[in-house]
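In this note's numbering, the protein residues as written are 1336 to 1654.
Remarks on the structure that follows.
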Ligand SMILES: [Mn+2]
């Protein structure tokens, strides 16, 4: 009897919930929106996946706000590329964002793996916006299922090779260790912060590390060729926002001084797209700063740059 009364009570809608129901859903912005026909087209060659995942950030917060902010900021980007002097005509579908409100991290990451597989299995280019770096492992796992001879180009201030951090193996600080366990080799670029455990692993396993100090201020671009030479035929690119210098990208959870310049990172991406087949990428750990659009705009611009370099070689990618 008691439970019946309770049931009846719960069907009465509160003014707050009615307000919520009647409020029109805030439309998820699309990436770039150059071509309205592509934004929802499941056959567009590029797919953008928003993943507002924020669980284990250890210092600054706010990366869950990044995907929507990046999509919004992307509308400000010119269609015409100032470096290549052409309009790349990118056709980009923006996928629905991954629901990251599950209690279980494993469930969220499994849903992400499934969504990513649906794109990579059709050999479409997947660009994911995090969220924290943890999301990279399932994304690489999805790419690995669809592409042989795969490696990861990991641009980051940190190696992220710890086996465990603050009690979690799913911490952002462990993501490249999880990728290593997938048997996908990685080349680490822009590194300027690591622990002794990570250094021992680098030596033991002969892991490729390109230190930030050997890139920044060298005065030439010879480091780019050395990185490209280490990459396998198919490349997944994981871009941690803190790989860039904090002067370029101040909004990120764990900033480190002495990072890559805009010129350095775009020159590297351009050469990698020309020399290898880039199959997917992520941009993670962006944490927008209220009052300035610099972080989300720079992130949007970087993703658009990568797609622009990629589309120039799209004939080769279809093979
Ligand atoms: Mn990092």
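Note that beta-carbon positions come from the ideal geometry of N, C-alpha and C, so glycine has one too.
Fair warning: this is a prediction, and the values are worked out from it, not measured in the lab.
Quick one: grab the DSSP three-state call for residue 1650.
Helix.
Can you tell me where the alpha helix (DSSP H) holding residue 1470 begins and where it ends?
Counted as a single uninterrupted DSSP element, the stretch harbouring residue 1470 is not any alpha helix (DSSP H), since DSSP gives it neither H nor E.
Cα-Cα separation, residue 1610 to residue 1563
Spanning the two alpha carbons is a distance of roughly 7 Å.
Please name the residue, chosen from 1510, 1505, 1485, 1502, that lies closest to residue 1496 on a Cα-to-Cα basis.
Relative to the Cα of residue 1496, the nearest Cα in the group 1510, 1505, 1485, 1502 belongs to 1510.
Local conformation of residue 1363 per DSSP, three classes:
Residue 1363 carries a coil assignment under DSSP once its states are collapsed to helix, strand and coil.
With distances taken between CB atoms, is the gap from residue 1559 to residue 1603 smaller than 8 Å?
Result yes, Cβ atoms of residue 1559 and residue 1603 sit closer than 8 Å.
For residue 1567, which three-state DSSP category applies?
Three-state result, residue 1567: coil.
Run through the segment 1492 to 1576 for me and flag every whole beta strand (DSSP E) of 3 or more residues, listed as ranges in chain order.
The DSSP assignment places 1521 to 1526, 1543 to 1546, 1569 to 1575 as complete runs of the beta strand (DSSP E) inside the segment 1492 to 1576, in order along the chain (cut-off: 3 residues).
Heavy atom of ligand 1 within 7 Å of residue 1492 beta-carbon
Remark: the C-beta of residue 1492 is in contact range of ligand 1, defined as less than 7 Å to any heavy atom.
Just the C-alpha distance for residue 1370 and residue 1452, rounded to the nearest angstrom, thanks.
Between residue 1370 and residue 1452, the C-alpha separation is close to 25 Å.
Candidates 1430, 1524, 1553: closest to residue 1544 by CA position
For the residues 1430, 1524, 1553, the minimum Cα distance to residue 1544 belongs to 1524.
Let's test the definition: count the other Cβ atoms within 10 Å of the Cβ of residue 1421 and tell me whether it reaches 16, buried, or not, exposed.
Per the 10 Å Cβ criterion, exposed.
Whole angstroms is fine: what's the gap from residue 1513's alpha carbon to residue 1566's?
One C-alpha to the other measures close to 19 Å.
Residues near residue 1499 by beta carbon distance below 8 Å, same chain, minus five either side:
For residue 1499, where only same-chain residues beyond five positions count, the Cβ hits under 8 Å are 1506, 1509.
Cβ neighbours of residue 1608 in the same chain (closer than 8 Å, five flanking residues each side left out):
If we look at residue 1608 and ignore the five residues flanking it on each side, its Cβ neighbours are 1641, 1644, 1645, 1647, 1648.
With contact counted as at least three CB pairs below 8 Å, one residue from each stretch, are the segment 1414 to 1433 and the segment 1380 to 1396 in contact?
Output reads yes: the segment 1380 to 1396 touches the segment 1414 to 1433.
Can you tell me where the alpha helix (DSSP H) with residue 1598 in it begins and where it stops?
First-last of the alpha helix (DSSP H) with residue 1598: 1597 to 1610.
Could you check if residue 1633 belongs to the surroundings of ligand 1, using beta carbon to heavy atom distance under 7 Å?
No - ligand 1 has no heavy atom lying nearer than 7 Å to the Cβ of residue 1633.
By how many angstroms is the C-alpha of residue 1624 removed from the C-alpha of residue 1362?
Straight across, the Cα-Cα distance linking residue 1362 with residue 1624 is about 22 Å.
Local conformation of residue 1416 per DSSP, three classes
Correct three-state label for residue 1416: strand.
Just verifying my parser: in three-state terms, what is the DSSP assignment at residue 1344?
Confidence in residue 1344 is poor, its pLDDT being 44 and thus under 50, which makes the residue's placement unreliable; the coordinate value appears in the next sentence. Residue state for residue 1344 is assigned as helix, using DSSP reduced to three classes.
Any idea what DSSP makes of residue 1658, helix, strand or coil?
The shown model of the chain, from 1336 to 1654, leaves out residue 1658, and the question about it has no answer.
Could you compute how far the alpha carbon of residue 1580 sits from the alpha carbon of residue 1375?
Each residue's Cα considered, the two are about 34 Å apart.
Under the rule that 16 or more other beta-carbon atoms within 10 Å means buried, what is residue 1415, buried or exposed?
By the neighbour-count criterion, in which 16 or more other beta carbons inside 10 Å mark a residue as buried, residue 1415 falls on the exposed side.
Less than 7 Å separating the Cβ of residue 1374 from some heavy atom of ligand 1?
Not so, every heavy atom of ligand 1 lies at least 7 Å from the Cβ.
Of the listed residues 1401, 1521, 1406, nearest to residue 1639 (C-alpha basis):
It is 1406 whose Cα lies nearest to the Cα of residue 1639.
Could you please give me the residues that DSSP links to residue 1485 through a beta bridge?
DSSP output for residue 1485 lists 1569 as bridge partner(s).
Using DSSP with H/G/I as helix, E/B as strand and the rest coil, what is residue 1384?
Residue 1384: strand per DSSP, three-state reduction.
Taking a contact to mean a Cβ-Cβ separation below 8 Å, would you say residue 1517 touches residue 1574 in this structure?
No, they are not a contact pair.
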